[in-house]
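Report on the structure given below.
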Amino acid sequence: MKDKAIVYVIQEIPGTREGRPKINIMGAQKYGDIKVLLKEDSQIIFSPGPIIFSLRQKLKNFTQEDYLLLTGDPAIIGVACSVVSDTTNGKYNLLKWDRQERMYYPIKINLYEKGEIDE
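Going by the numbering used here, the sequence shown opens with residue 4, and the numbers climb by one from there.
Next up, the structure:
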């Protein structure tokens, strides 16, 4: 069992390679150690297989105490959420950035939760 949660950053922040990332994600460290999964130029458009395989390998130890930080290509974000959901039976955590408060908020996902729909 690990001591501290891990914040899995799905894709490097644009500008990271030049040493000038467009956004600062250090506030996410409050929730756990940062681990970046894919380079900023990772592409899924022509052949999704290698990205899916890579994400499966890198997320194989994801637990319900860890977090996904949704950065990068929306298609890759979707695959990462699918992989994690598969591993955790639909229960996982996300970090959502609130522009107004300028901080991350944790969101607990439970795909199989029973309850009322607010409309």
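All C-beta atoms in this analysis are idealised placements derived from N, C-alpha and C, irrespective of residue type, glycine included.
Being a predicted model, the structure only gives us computed values, none of them experimental.
Check: Run through DSSP, which three-state label would Lys42 get?; Outcome: coil
Check: Measuring alpha carbon to alpha carbon, tell me which of Ile13, Lys33 and Asn27 ends up nearest Lys7.; Outcome: Lys33
Check: Going by beta carbon distance, what residues of the same chain come within less than 6 angstroms of Lys99, once the five residues before and after it are set aside?; Outcome: Tyr108 and Ile110
Check: State buried or exposed for Ile48, treating a residue as buried only when at least 16 other CB atoms are found within 10 Å of its CB.; Outcome: exposed
Check: Kindly give me the distance between the Cβ atoms of Tyr115 and Leu71, rounded to whole angstroms, as I take these residues to be in contact under 8 angstroms.; Outcome: Wrong, their Cβ atoms sit about 18 angstroms apart, outside the cutoff.
Check: Considering Ile13, what are the terminal residues of the beta strand (DSSP E) in which it resides?; Outcome: Ile9 to Gln14
Check: How close, in whole Å, do the beta carbons of Thr74 and Ile13 come, if the pair is a contact with beta carbons under 8 angstroms?; Outcome: 5 angstroms
Check: Under a Cβ-count criterion, where at least 16 other Cβ atoms within 10 Å of its own Cβ denotes burial, should Asp44 be classed as buried or exposed?; Outcome: exposed
Check: Please list the segments of the beta strand (DSSP E) lying wholly inside the stretch 68-117, counting only runs of 3 or more residues, in order along the chain.; Outcome: 70-72, 94-101 and 106-113
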